[in-house]
Every structure is written in C-alpha cells, then in structure tokens.
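Chemist: Structure in structure tokens, see below.
In the numbering used here, the protein residues as written are 420 to 826.
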C-alpha cells in the first residue's frame with residue numbers, strides 16, 4: 420500500500436497559490452482499504468491499484484478546478500462556479516470530506532483541510548454560530564441572510580470527524596471538539612423536534628412555512644451513525660430511524676416501481692408526501708431532480724458500510740429500476756425523472772449518473788452494470804465548469820473504489 424501512496428503523492432496537484440507542507444501522519448491512508456465493506460458488496464472488475472489511481476486522477480482534476488485560495492486570510496475554499504454563489508456551504512462540506520478521505524494520497528491534505536476549517540469558522544450562521552452560513556459572494560462575505568443550509572453542515576461535521584481519525588485533534592484545531600459542537604448545533608437548529616427529520620436550514624424554525632418540509636438528499640444515514648458514536652447522544656438513533664422509515668414509506672407509497680424519492684417531501688408532521696410543484700426551488704421539487712439525484716449515493720453508502728437491511732433494500736430498489744430503465748446502458752441515464760420513472764428532464768450529468776454506481780454495489784446480480792457505470796466514471800474527466808456534477812462524481816468514485824469509511 421505504501422507503493423500506491425508514493426505514486427499518488429507524486430501526482431497530486433496544489434491549488435493555485437499553495438505550497439507543499441510536510442506530510443502529516445495519516446491513520447487511514449487513501450488506498451489502504453483498512454475498512455472493508457460488508458460481505459457481498461460488489462467491486463468494479465480490475466486491478467485495485469489501478470482503480471485507486473483512477474480516483475486519484477479525478478481528484479487531481481477536481482482539486483485543480485475547485486479547491487482555491489481566493490479569499491486570503493489562510494482560508495481554503497471549494498469554488499462553485501455553477502452554483503448561485505461562488506462559495507456555498509454544500510461545497511465546503513464536500514471539500515472537507517473529500518480532503519480527509521484523500522489523505523495519504525495528498526501530502527497537503529491536512530494543510531488544506533485546516534484552511535477549510537478556518538474559512539468555516541470565519542463564516543458562522545447568524546442563527547447559530549456553531550453552524551456555517553450557507554452562501555458567500557465573490558468577496559468571500561456571507562450573503563442572503565447569512566443563515567445555514569443543512570446539507571453543508573452535515574458534511575462539515577462529518578469531515579471534522581474524519582479529520583479527528585486521520586490526524587488526531589492535538590494540532591491547530593481540535594477537530595473532535597469542533598465536530599461535537601457542530602453536531603449539537605445541527606440537532607438544536609436543523610432537526611424538526613417533533614418529526615425528528617432534517618429541516619432545510621436553521622432559518623426554518625417552528626413558525627416558518629417550510630418547517631414541515633424536508634429534503635431527501637439530507638437523509639445522510641451514515642452521518643447520523645457517526646454523530647451517535649461521536650456524541651453518545653441516543654437522539655441520533657431516533658433521527659436515523661425516522662429518516663429510514665420515511666425513505667421506506669415514500670418508496671412504497673409513491674414510487675413502488677422505481678424507488679425514486681422526491682427532492683422535497685412536505686407535510687412531514689401529518690401525512691408526508693412529495694411536493695406538488697414548487698415549494699422551494701422550482702417546478703420539479705416533487706420529482707427526482709437536482710437534489711434527490713444524490714440519493715442512490717447516500718443510501719448506498721450506508722448500505723455498504725453498515726450492512727443495514729433497510730438501506731440495502733432501498734438502494735437495491737433504485738438500482739434495479741435504473742438498470743432496467745436504461746437496459747444496462749450507462750449513457751442513457753437522464754437528468755430528471757418523475758417518481759413513476761418517466762423522464763422529466765432529458766440530458767446527461769454526472770450528478771445523476773455517478774450515484775447509481777454506488778447503489779449498484781449492493782446488488783450481487785449487477786456486476787456487468789456496475790462495470791459499465793465504473794467505465795463511464797473512469798473515462799469521464801471532471802468538468803472544471805461543473806462543480807456540482809464533478810464533486811458528486813468524485814465522491815461516488817471514492818465509495819465505489821472501496822475507499823469510503825465511517826468514523
């Protein structure tokens with residue numbers, strides 16, 4: 420494994436303006452495969468070292484395109500040219516998780532991670548200072564109310580837990596302490612205290628009209644497991660169970676033939692159902708669209724790391740449907756579906772294609788389909804203009820290559 424690491428070190432690129440730091444000792448180096456997935460999980464056909472190197476190649480492209488030192492102050496930021504603003508909480512969360520998982524393949528991982536932590540701490544939400552403000556403009560100042568977005572906070576906390584395992588918490592930042600503060604803030608300000616489901620952000624309190632709306636791409640079951648372990652707080656068991664129950668019931672009631680989930684689910688305090696038209700972002704809020712497209716990756720990641728039967732069943736429903744829908748052609752995945760399975764928006768984007776490769780890991784009968792998806796991912800370069808699709812592609816590839824783990 421040290422040979423793989425040495426090869427990786429020679430190939431990793433620096434963000435503009437950065438210099439190499441002394442590599443930090445890493446507990447779970449990328450490519451070490453210290454934490455295998457549950458028995459029966461598929462893997463792409465081929466040499467493992469070559470598979471790992473393919474991920475490193477895509478990471479180099481992602482890092483060159485999106486990991487920046489644009490804001491000064493020793494900050495490191497994930498740049499999001501295709502988002503509403505140049506810097507968004509979702510992106511900072513992605514950057515922290517990716518960087519921590521790629522440690523061992525990147526000698527600058529810890530230095531860059533600390534730069535991201537510094538950026539996050541400098542941009543607190545106005546509602547809860549232990550959460551991250553959702554959006555920053557080109558001047559790196561928080562805008563649009565400076566409140567939070569739940570998906571970004573979930574990954575920031577998770578990234579901090581990964582960092583605590585990778586490097587320990589005795590350096591510049593006490594990652595574990597920061598993670599626990601962030602996790603407790605998520606529980607206090609981004610969880611509906613009645614339904615135990617994720618809110619859209621800390622702005623959606625009990626008196627706000629979106630309070631009983633939740634976003635399926637925030638159902639990060641493996642994160643909830645990690646939060647439970649980190650805090651010892653059994654509330655995270657309750658939160659996890661509520662989300663798994665909702666996934667299962669929504670699939671059964673509204674997408675029995677596809678397993679697809681809607682971007683947004685409304686009426687969570689009474690009878691949860693897919694949104695009817697626009698409730699937050701656009702007319703496809705009740706479809707499998709630009710948020711829910713991440714669900715096969717997120718649900719599948721929990722299935723292969725925990726072995727949870729509910730997550731595995733949900734992932735297999737998604738996998739079975741898309742494999743049949745496309746007749747096994749990875750190029751046929753479209754950029755939006757009705758929950759019935761009909762195409763709502765045609766086109767191709769890695770944000771939709773890549774997550775299905777993670778779901779395919781869960782089905783013993785899908786080796787050829789997994790290999791077709793992996794080939795698509797492995798031969799598609801990161802598009803430097805598409806932060807969202809590129810970030811989802813890279814993270815899905817990390818999982819599919821066997822390099823993901825839960826702290």
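Beta carbons: idealized from backbone N, C-alpha and C, even for Gly.
Excluding sequence positions up to five away, which residues of its chain have a Cβ less than 7 Å from the Cβ of residue 557?
Modeler: Indexing the chain shown from 1 puts residue 557 at position 138. Once the five neighbours on either side are set aside, the close Cβ partners of residue 557 are 505.
Chemist: Exposed or buried, which one is residue 566 when buried takes at least 16 other CB atoms within 10 Å?
Modeler: Along the chain shown, read from residue 1 onward, the residue named residue 566 stands at position 147. Burial call: buried.
Chemist: Looking at C-alpha atoms only, which residue of 599, 614, 698, 469 is the closest neighbour of residue 648?
Modeler: For the purposes of this step, residue 648 is identified with residue 229 of the chain shown, where counting begins at 1. The residue with the shortest Cα to Cα distance from residue 648 is 599.
Chemist: For residue 638, decide whether its Cβ has a neighbour in chain D, counting only Cβ atoms nearer than 8 Å.
Modeler: Looking at the structure shown, chain D is missing, and only one protein chain is on hand.
Chemist: Report the option in 661, 662, 619, 762 whose CA atom is closest to the CA atom of residue 569.
Modeler: The residue given as residue 569 occupies position 150 in the chain shown. Comparing Cα-Cα distances from residue 569 to each of 661, 662, 619, 762, the minimum goes to 619.
Chemist: Would residue 762 be called buried (16 or more neighbouring beta carbons within 10 Å of its own) or exposed?
Modeler: Indexing the chain shown from 1 puts residue 762 at position 343. Residue 762 comes out exposed.
Chemist: Going by the beta-carbon positions, is the gap between residue 574 and residue 513 smaller than 8 Å?
Modeler: Indexing the chain shown from 1 puts residue 574 at position 155. Indexing the chain shown from 1 puts residue 513 at position 94. Cβ distance < 8 Å, so residue 574 and residue 513 count as in contact.
Chemist: Should residue 464 be labelled buried (16 or more other beta-carbon atoms within 10 Å of its own) or exposed?
Modeler: Walking along the chain shown from the start, residue 464 turns up at place 45. Under this definition residue 464 is an exposed residue.
Chemist: Is it true that the stretch 685-694 meets the stretch 729-747, where meeting means three or more beta-carbon pairs spaced less than 8 Å apart?
Modeler: No: fewer than three Cβ pairs fall under 8 Å.
Chemist: Considering residue 640, what are the terminal residues of the alpha helix (DSSP H) in which it resides?
Modeler: Position 221 of the chain shown, counting from 1, holds the residue named residue 640. Run containing residue 640: 640-650, per the alpha helix (DSSP H) assignment.
Chemist: With three or more C-beta pairs closer than 8 Å as the rule, is the stretch 712-728 touching the stretch 448-458?
Modeler: Touching, yes.
Chemist: Pick out the complete alpha helix (DSSP H) segments inside the stretch 750-808, 4 residues or longer, and give them in chain order.
Modeler: DSSP runs (the alpha helix (DSSP H)) wholly in the stretch 750-808: 769-779, 786-797.
Chemist: Within this structure, are the beta carbons of residue 572 and residue 597 separated by less than 8 Å?
Modeler: The sequence position of residue 572 within the chain shown is 153, counting from 1. The sequence position of residue 597 within the chain shown is 178, counting from 1. Not a contact, by the Cβ cut-off of 8 Å.
Chemist: Alpha carbon to alpha carbon, what distance is there between residue 776 and residue 816?
Modeler: On the chain shown, residue 816 is found 397 positions in, with the first residue counted as 1. On the chain shown, residue 776 is found 357 positions in, with the first residue counted as 1. So the two alpha carbons sit approximately 8 Å from each other.
Chemist: Given a cut-off of 8 Å, decide if residue 788 and residue 742 are closer than it, judged by their beta-carbon atoms.
Modeler: By 1-based counting over the chain shown, the position of residue 742 is 323. By 1-based counting over the chain shown, the position of residue 788 is 369. Result yes, Cβ atoms of residue 742 and residue 788 sit closer than 8 Å.
Chemist: Suppose contacts are defined by Cβ-Cβ distances below 8 Å. Is residue 774 in contact with residue 811 by that definition?
Modeler: As a position in the chain shown, residue 774 is number 355, starting the count at 1. As a position in the chain shown, residue 811 is number 392, starting the count at 1. Yes, the Cβ-Cβ distance between residue 774 and residue 811 is below 8 Å.
Chemist: Residue 680 and residue 714: beta carbons closer than 8 Å?
Modeler: The residue labelled residue 680 in the question sits at position 261 within the chain shown. The residue labelled residue 714 in the question sits at position 295 within the chain shown. Against a cut-off of 8 Å, the Cβ pair of residue 714 and residue 680 comes out as a contact.
Chemist: Rounded to a whole number of angstroms, what is the C-alpha to C-alpha distance between residue 664 and residue 491?
Modeler: Here residue 664 refers to the residue found at position 245 when the chain shown is read from its first residue. Here residue 491 refers to the residue found at position 72 when the chain shown is read from its first residue. Cα to Cα, residue 664 sits roughly 45 Å from residue 491.
Chemist: Rank 477, 444, 448, 467 by C-alpha distance to the C-alpha of residue 798 and give the top, closest one.
Modeler: Along the chain shown, read from residue 1 onward, the residue named residue 798 stands at position 379. Here the closest residue by C-alpha is 477.
Chemist: Using a threshold of 8 Å, state whether the C-beta atoms of residue 536 and residue 446 are closer than that.
Modeler: Locating residue 536 in the chain shown gives position 117, counting from the first residue. Locating residue 446 in the chain shown gives position 27, counting from the first residue. Not in contact: residue 536 and residue 446 (Cβ atoms no closer than 8 Å).
Chemist: Sort out for me which residues DSSP pairs residue 685 with in a bridge.
Modeler: Here residue 685 corresponds to residue number 266 of the chain shown, with the count starting at 1. The partner list for residue 685 (beta bridge, DSSP) reads 692.
Chemist: Quick check on residue 521: does DSSP put it in helix, strand or coil?
Modeler: The residue given as residue 521 occupies position 102 in the chain shown. Reduced to three states, the DSSP call for residue 521 is coil.
Chemist: To the nearest angstrom, how far is the alpha carbon of residue 614 from that of residue 516?
Modeler: On the chain shown, residue 614 is found 195 positions in, with the first residue counted as 1. On the chain shown, residue 516 is found 97 positions in, with the first residue counted as 1. If I take the Cα positions, the gap works out to 28 Å.
Chemist: Give every residue of the same chain whose Cβ lies closer than 6 Å to the Cβ of residue 563, excluding the five residues on either side of it in the sequence, and list them in chain order.
Modeler: Within the chain shown, the letter at position 144 stands for residue 563. Same-chain partners within the cutoff: 554.
Chemist: Since residue 617 sits in a beta bridge, which residues does DSSP pair it with?
Modeler: For the purposes of this step, residue 617 is taken as residue 198 along the chain shown, with counting starting at 1. Answer is 610.
Chemist: Is residue 795 closer than 8 Å to residue 750 when the C-beta atoms are compared?
Modeler: As a position in the chain shown, residue 750 is number 331, starting the count at 1. As a position in the chain shown, residue 795 is number 376, starting the count at 1. Contact: yes.
Chemist: By the 10 Å Cβ neighbour count, where 16 or more other Cβ atoms means buried, how is residue 676 classified, buried or exposed?
Modeler: Along the chain shown, one-based indexing puts residue 676 at 257. Per the 10 Å Cβ criterion, exposed.
Chemist: Using alpha carbons as the reference points, say which of 646, 728, 730, 674 lies closest to residue 705.
Modeler: Position 286 of the chain shown, counted from the start, is the residue given in the question as residue 705. Minimum Cα distance to residue 705 is reached at 674.
Chemist: Take residue 577 and list the residues in its own chain whose beta-carbon comes closer than 7 Å to its own, dropping the five residues that flank it on each side.
Modeler: Here the question's residue 577 lines up with position 158 in the chain shown. Contacts found: 516, 642, 645.
Chemist: Can you tell me where the alpha helix (DSSP H) holding residue 473 begins and where it ends?
Modeler: Residue 473 sits at position 54 when you count from the first residue of the chain shown. Where residue 473 is concerned, the enclosing alpha helix (DSSP H) stretches over 467-485.
Chemist: In chain order, what residues of the same chain have a beta carbon less than 7 Å from the beta carbon of residue 474, not counting five sequence neighbours either side?
Modeler: Position 55 of the chain shown holds residue 474. So the qualifying residues of the chain are 816, 817, 820, 822.
Chemist: Identify, in the order they occur along the chain, each residue of the same chain with its Cβ nearer than 8 Å to the Cβ of residue 711, setting aside the five sequence neighbours on each side.
Modeler: In the chain shown, the residue the question calls residue 711 occupies position 292. Only 635, 636, 679, 680, 681, 682 meet the Cβ criterion.
Chemist: Sorted by chain position, which residues of the same chain lie with C-beta nearer than 7 Å to residue 654's C-beta, five sequence neighbours on each side aside?
Modeler: Here residue 654 corresponds to residue number 235 of the chain shown, with the count starting at 1. Cβ neighbours of residue 654 beyond the five flanking positions: 606.
Chemist: Which whole-angstrom value describes the C-beta separation of residue 591 and residue 533, a residue pair presumed to lie in contact below a C-beta threshold of 8 Å?
Modeler: As a position in the chain shown, residue 591 is number 172, starting the count at 1. As a position in the chain shown, residue 533 is number 114, starting the count at 1. About 5 Å; that satisfies the 8 Å criterion.
Chemist: Excluding the 5 residues flanking residue 826 on each side, which residues of the same chain have their C-beta closer than 6 Å to its C-beta?
Modeler: Numbered from 1 along the chain shown, position 407 holds the residue referred to as residue 826. If we look at residue 826 and ignore the five residues flanking it on each side, its Cβ neighbours are 580, 581, 584, 645.
Chemist: Leaving out five residues before and five after residue 731 in sequence, what residues of the same chain have Cβ atoms less than 7 Å from its Cβ?
Modeler: Along the chain shown, read from residue 1 onward, the residue named residue 731 stands at position 312. Once the five neighbours on either side are set aside, the close Cβ partners of residue 731 are 722, 781.
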